[in-house]
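**Q**
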Amino acid sequence: AQSVTQLDSQVPVFEEAPVELRCNYSSSVSVYLFWYVQYPNQGLQLLLKYLSGSTLVKGINGFEAEFNKSQTSFHLRKPSVHISDTAEYFCAVSGKDTNAGKSTFGDGTTLTVKP
Amino acid sequence: GAVVSQHPSRVICKSGTSVKIECRSLDFQATTMFWYRQFPKKSLMLMATSNEGSKATYEQGVEKDKFLINHASLTLSTLTVTSAHPEDSSFYICSASDRDNEQFFGPGTRLTVL
Chain Y
6 AQSVTQLDSQ VPVFEEAPVE LRCNYSSSVS VYLFWYVQYP NQGLQLLLKY LSGSTLVKGI
66 NGFEAEFNKS QTSFHLRKPS VHISDTAEYF CAVSGKDTNA GKSTFGDGTT LTVKP
Chain G
506 GAVVSQHPSR VICKSGTSVK IECRSLDFQA TTMFWYRQFP KKSLMLMATS NEGSKATYEQ
566 GVEKDKFLIN HASLTLSTLT VTSAHPEDSS FYICSASDRD NEQFFGPGTR LTVL
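As structure tokens, then:
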């Protein structure tokens, strides 16, 4: 079984500032890791994923995340945010022994970008 | 990227009626589809895993007889909320995984039971 903890429920930040959304996980097996973005009343869009290989993963919209196995973390970062980045962000994990769709999600982090 | 659609996007029904939500993979065949429920300001809760041609696998605590899932083809899965009650009001999201196990989400269906 896996669990995901998103350490910040809300992150307010000013436009063009850097941002980090934190995610920690626990699992008894090797995992795949994902970050999704959800805009109001919409489904989830994949930002990036870590399956294997390089621990620094680059995604869409200028986001990147780093997998840290020793700290069981997968924090999401963006060097300069835009107003349009305001949304809900979910970190998710799935065991390598299961279908990737059977993911466990964190509770989400609301990113609010202020002008 | 692959597209998953849901219909309807929004539905309002009276208590005691049944509501069917469709999930379609538009440009790929999905051997597995998933149904999630999302409460306001809350994370997604996996309800069930749907495999084409077989019975759905429900997560613990999800009532099979209340949330009927049918996966009739490689591109269509349906969720029927039977005898809906106000507590069933929620945002329902489906996802479909392709042969590489990448997951694609539908836009969601907002169900309101009066």
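Those sequence lines, one after another, are chains Y and G. Counting from 6, one number per residue, gives the positions in the first sequence under the numbering used here. Counting from 506, one number per residue, gives the positions in the second sequence under the numbering used here. Glycine included, each C-beta is placed from N, C-alpha and C at the ideal position. Predicted, not measured: the structure shown is a model, and the values here were computed from it.
(1) Applying the criterion that 16 or more other CB atoms from any shown protein chain within 10 Å of the CB defines a buried residue, is K569 of chain G buried or exposed?
(2) Near K119 of chain Y, which residues of its chain fall below 6 Å by C-beta distance, leaving aside the five closest residues on each side in sequence?
(3) Which residue wins for smallest C-alpha separation from K101 of chain Y, given the options Y:Y94, Y:F95 and Y:T109?
(4) Taking T554 of chain G as the reference, give the member of G:R604, G:V586 and G:Y541 with the closest Cα.
(5) Starting from G48 of chain Y, find everything on chain G with Cβ-Cβ shorter than 7 Å and list it in chain order.
(6) Decide yes or no for the touch test of the stretch 54 to 71 of chain Y against the stretch 26 to 41 of chain Y: beta carbon pairs closer than 8 Å, at least 3 of them.
(7) Since N29 of chain Y is in the beta strand (DSSP E), which residue starts that stretch and which ends it?
(8) Would you mind working out which of G:D603, G:R604 and G:Y597 sits nearest G611 of chain G, comparing C-alpha positions?
(9) Please check if any C-beta of chain G sits within less than 8 Å of the C-beta of D112 of chain Y.
(10) Below 9 Å on C-beta distance, what does F95 of chain Y contact in chain G?
(11) Give the residues from the stretch 579 to 604 of chain G that approach chain Y closer than 7 Å (Cβ to any Cβ), ordered along the chain.
(12) Please report the residue range of the beta strand (DSSP E) in which R515 of chain G lies.
(13) Taking only beta-carbon positions, decide if K63 of chain Y is within less than 8 Å of chain G.
(14) Would you tell me roughly how many angstroms separate the C-alpha atoms of T60 of chain Y and F79 of chain Y, rounded to the nearest one?
(15) I need the DSSP call for S548 of chain G, collapsed to helix, strand or coil.
(16) Would A97 of chain Y be called buried (16 or more neighbouring beta carbons within 10 Å of its own) or exposed?
**A** This is what the structure holds:
(1) The count along the second sequence starts at 1 and reaches residue 569 of chain G at position 64. Burial call: exposed.
(2) Translated into positions along the first sequence, residue 119 of chain Y becomes position 114. Excluding positions up to five away in sequence, the list reads F19.
(3) What you label residue 101 of chain Y is simply residue 96 of the first sequence in a count that begins at 1. The closest CA to that of K101 of chain Y, considering only Y:Y94, Y:F95 and Y:T109, is found on Y:T109.
(4) Start at 1 with the first residue of the second sequence, and residue 554 of chain G comes out as number 49. Nearest to T554 of chain G by C-alpha distance, out of G:R604, G:V586 and G:Y541, is G:Y541.
(5) In the first sequence, counting from the first residue as 1, residue 48 of chain Y sits at position 43. The contacting residues are I598, F610, G611, P612 and G613.
(6) Cβ pair count under 8 Å is three or more, so yes.
(7) Taking the first sequence and counting its residues from 1, one reaches residue 29 of chain Y at position 24. N29 of chain Y -> beta strand (DSSP E) spans C28 to S32.
(8) Taking the first residue of the second sequence as 1, we reach residue 611 of chain G at position 106. Its Cα nearest to that of G611 of chain G, the residue G:Y597 stands out among G:D603, G:R604 and G:Y597.
(9) On the first sequence, residue 112 of chain Y is found 107 positions in, with the first residue counted as 1. In terms of beta-carbon proximity, D112 of chain Y lines the interface with chain G, with at least one pair separated by less than 8 Å.
(10) On the first sequence, position 90 is the one that residue 95 of chain Y refers to. Chain G residues near F95 of chain Y: S548 and L549.
(11) Listed by position, the residues of the stretch 579 to 604 of chain G near chain Y (Cβ gap below 7 Å) are I598, S600 and S602.
(12) Your numbering for residue 515 of chain G matches position 10 in the second sequence. Annotation: the continuous beta strand (DSSP E) that includes R515 of chain G extends over R515 to C518.
(13) Within the first sequence, residue 63 of chain Y is the residue found at index 58, counting from 1. The beta carbon of K63 of chain Y does not come within 8 Å of any beta carbon belonging to chain G, so the residue lies off that interface.
(14) Along the first sequence, one-based indexing puts residue 60 of chain Y at 55. Along the first sequence, one-based indexing puts residue 79 of chain Y at 74. Separation of T60 of chain Y and F79 of chain Y (C-alpha to C-alpha, rounded to the nearest whole angstrom) is 9 Å.
(15) For this step, residue 548 of chain G is matched to residue 43 along the second sequence. DSSP places S548 of chain G in coil when its eight states are reduced to three.
(16) Counting from 1 along the first sequence, the entry for residue 97 of chain Y is found at position 92. Buried is the label assigned to A97 of chain Y, since at least 16 other Cβ atoms lie within 10 Å of its Cβ.
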